[in-house]
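Encoded as structure tokens, the structure appears first; notes follow it.
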Amino acid sequence: MDKKRVIFLGSKPIGYQCFKILLSAQEANNIEVIGLLTQQRAEFAGDSNLEVLAQEYNVPVFKSLKELPECDILYSVQYHEILKAEHIAKAKQIAVNLHMAPLPEYRGSNQFSFAIIDGKEEFGTTIHQMDARIDHGDILFQKRFEIPAKCWVNQLYDLTYNASVRLFQQTLSHIINGNFRPVPQADLISSKGTSIHYRHEIVDLKRIDLDWDAERINRHIRATLMPGFEPPYCEVAKQKIYFTKAM
């Protein structure tokens, strides 16, 4: 039987870990990883450099979606560009995406922050079929878990990261062999709700109004105080006063 050809699109530490799992699973699953598309950013170097990993396994690295060849399976994990219909069509069997949030509730970006601001008690991670809309395709696999009380955004990220790696590993052979039952997101909206958020929205989320009640202020601080990024703040006399977490 011919090997199925897989192309991986991804970046960030989660993309690196999933790419590593995929590469090590080639022989056991009778697949060949024939290409990588990733994002070139300094913070993704070092231990999260997908290009270095690709070189170790002699996997070609494509520079843009224009170079995308035909394949059997297209797998995306935290890829930075939105794929169009012609890109998705390159996958003859299926194109899938690992989205680090429960669907259909949280499509798009800033999902960890909005879940905390919304006071959610449950979160999760999802593998879904890709279509031309953002995080919109049928759900193939999902793992949900409780959000701890008074959870901070970095804690929720870590919980989701670990759940996502496990979900990717546990379902990889099922994706390759077509062993799944797609669930349209529309079937779940009445019970779960739905929303879509964009990267730029985090700017407004970080702006704290001191006239808010204490609980709302607390939720916004916990939802947006992420190490390595600008902290949440309030404005006093047109000066930004940043919030930090007490040691």
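Under my numbering, the residues of the sequence shown are numbered 1 to 247, in order. We treat Cβ as the ideally placed atom computed from N, Cα and C, and that holds for glycine. As the structure is a computational prediction, the values presented were derived from the model and not from experiment.
* Simplified DSSP assignment, three categories, for Asp131 -> In the structure shown, Asp131 sits in coil (DSSP, three-state: anything other than H, G, I, E or B).
* **Best match in Val52, Phe62, His99 and Asp131 for proximity to Val165 [C-alpha to C-alpha]** => Checked all of Val52, Phe62, His99 and Asp131; the closest Cα to Val165 is His99.
* Asked: Is Cys18 helix, strand or coil when you go by DSSP?
  -> Of the three classes helix, strand and coil, the one that applies to Cys18 here is helix, per DSSP.
* Asked: According to the Cβ coordinates, are Ile134 and Gly108 closer than 7 Å?
  -> Remark: C-beta atoms of Ile134 and Gly108 approach each other more closely than 7 Å.
* Asked: Could you check where the beta strand (DSSP E) with Lys143 kicks off and where it finishes?
  -> Segment Ile139 to Glu146, the beta strand (DSSP E) holding Lys143.
* To do: Drop a sphere of 10 angstroms on the beta-carbon of Gly137, count the other beta-carbons inside from all chains shown, and report buried for 16 or more, exposed for fewer.
  => Its Cβ being crowded by 16 or more others within 10 Å, Gly137 is buried.
* Any idea what DSSP makes of Ala101, helix, strand or coil? -> Look at Ala101 here: in three-state DSSP terms it is coil, with no helix or strand label.
* For Ile175, does the three-state DSSP call read helix, strand or coil? -> The three-state reading of DSSP puts Ile175 in helix, counting H, G and I together.
* Environment of Trp152 [buried if 16+ CB atoms lie within 10 Å] -> When all chains shown are included, Trp152 counts as buried.
* **Whole-angstrom C-beta distance between Gln39 and Val33, which should lie under 8 Å** => The C-beta distance from Val33 to Gln39 rounds to 18 Å, too long to fall under 8 Å, and the pair is not in contact.
* Top-ranked residue by Cα proximity to Glu201, from Thr224, Gly35, Phe62 and Ala149 -> Among Thr224, Gly35, Phe62 and Ala149, the Cα nearest to that of Glu201 is on Thr224.
* Considering Phe8, what are the terminal residues of the alpha helix (DSSP H) in which it resides? -> Run containing Phe8: none in the alpha helix (DSSP H); it sits in the beta strand (DSSP E), Lys4 to Gly10.
* Asked: Which runs of the alpha helix (DSSP H) spanning at least 4 residues fall entirely within the segment 176-216, listed in chain order?
  -> Within the segment 176-216, the complete alpha helix (DSSP H) runs of at least 4 residues are 189-192 and 201-205.
* Residues in its own chain within less than 7 Å of Ile31 by CB, not counting five upstream and five downstream? -> Taken in chain order, the residues that qualify are Lys3, Lys4, Val6 and Ile176.
* **beta strand (DSSP E) runs wholly inside the segment 42-120, at least 3 long, in chain order** => You should have 71-77 and 91-99.
* Asked: Would you say Gly124 and Lys143 are within 7 Å of each other, going by their C-beta atoms?
  -> The criterion of a C-beta distance shorter than 7 Å is satisfied by Gly124 and Lys143.
* Which residues mark the beginning and the end of the beta strand (DSSP E) in which Gln239 is found? -> Taken as a continuous stretch (DSSP letters only), the beta strand (DSSP E) holding Gln239 covers Gln239 to Tyr242.
* Supposed contact pair Gln129 and Pro60 - C-beta distance, whole angstroms, cut 8 Å -> About 25 Å; that fails the 8 Å criterion.
* In three-state terms, what does DSSP make of Leu156? -> When DSSP states are grouped into helix, strand and coil, Leu156 belongs to the helix group.
* Based on the DSSP secondary-structure assignment, which residues constitute the bridge partners of Leu37? -> Beta-bridge partners of Leu37 (DSSP): Leu9 and Phe62.
* **Three or more C-beta pairs below 8 Å linking the segment 82-91 and the segment 178-194** => Not touching, per the Cβ criterion.
* To do: In the DSSP assignment, find the beta strand (DSSP E) that holds Glu235 and state where it starts and stops.
  => Here the beta strand (DSSP E) through Glu235 covers Tyr233 to Val236.
* **Glu230 - containing alpha helix (DSSP H), residue span** => Annotation: Glu230 is outside any alpha helix (DSSP H) and is labelled neither H nor E by DSSP.
* Asked: The alpha helix (DSSP H) with Asn29 in it runs from where to where?
  -> Where Asn29 is concerned, the enclosing alpha helix (DSSP H) stretches over Gln26 to Asn29.
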